[in-house]
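Asks:
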Amino acid sequence: GKDENVLFSGCCDASGISDHHFTYMAYNIKKEKFKPQIVKSRVFKNFDFKAFSEYTEKLNWESIISVSNINTKVTILENLIKQALDIFAPFKTFTIRKPGGTPWITDEIKEKMS
């Protein structure tokens, strides 16, 4: 049954603090194993804004003006921007092996905790 997961429990007197008893229990909870996640993201670490600007100035922006359909205009714009970003901020695949659920815990805090 479920009682096999209870490690210990009990209650204690809280005289001087409360007229109630404190109840406590330690329960054996299985921690779910983190499954590595594969994430694909653009890398802007070495992004050269000047070179990017020079490159985009040379793109064929007239191709947007020459069409009348707004959906086609947006598609052309997206493709031109993606083309430039693929050169200056390419996609990279990362494998996340550990959960990142506590970004506020810095190395300094970890050191003080140990």
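Everything in the sequence shown is counted per the numbering used here, starting at 16 for the first residue and increasing by one. C-beta: ideal position from N, C-alpha, C; glycine also.
1) With DSSP collapsed to three states, give me the class of Val58.
2) Taking the alpha-carbon of Phe49 as reference, which of Lys127, Gly116, Lys107 has the nearest alpha-carbon?
3) I'd like to know if the segment 62-70 and the segment 87-103 are in contact, where contact means that at least 3 CB-CB pairs between them fall below 8 Å.
4) Tell me, please, whether the CB atom of Phe106 is closer than 7 Å to any CB atom in chain B?
5) Kindly indicate the opening and closing residues of the beta strand (DSSP E) around Ser78.
Replies: A quick look at the data gives this:
1) Taking the first residue of the sequence shown as position 1, residue 58 is located at position 43. Residue state, collapsed to three classes: coil.
2) Your numbering for residue 49 matches position 34 in the sequence shown. Comparing Cα-Cα distances from Phe49 to each of Lys127, Gly116, Lys107, the minimum goes to Gly116.
3) yes
4) No chain B appears in this structure, which consists of one protein chain only.
5) Numbered from 1 along the sequence shown, position 63 holds the residue referred to as residue 78. Note, Ser78: premise wrong, no beta strand (DSSP E); alpha helix (DSSP H) at 77-80.
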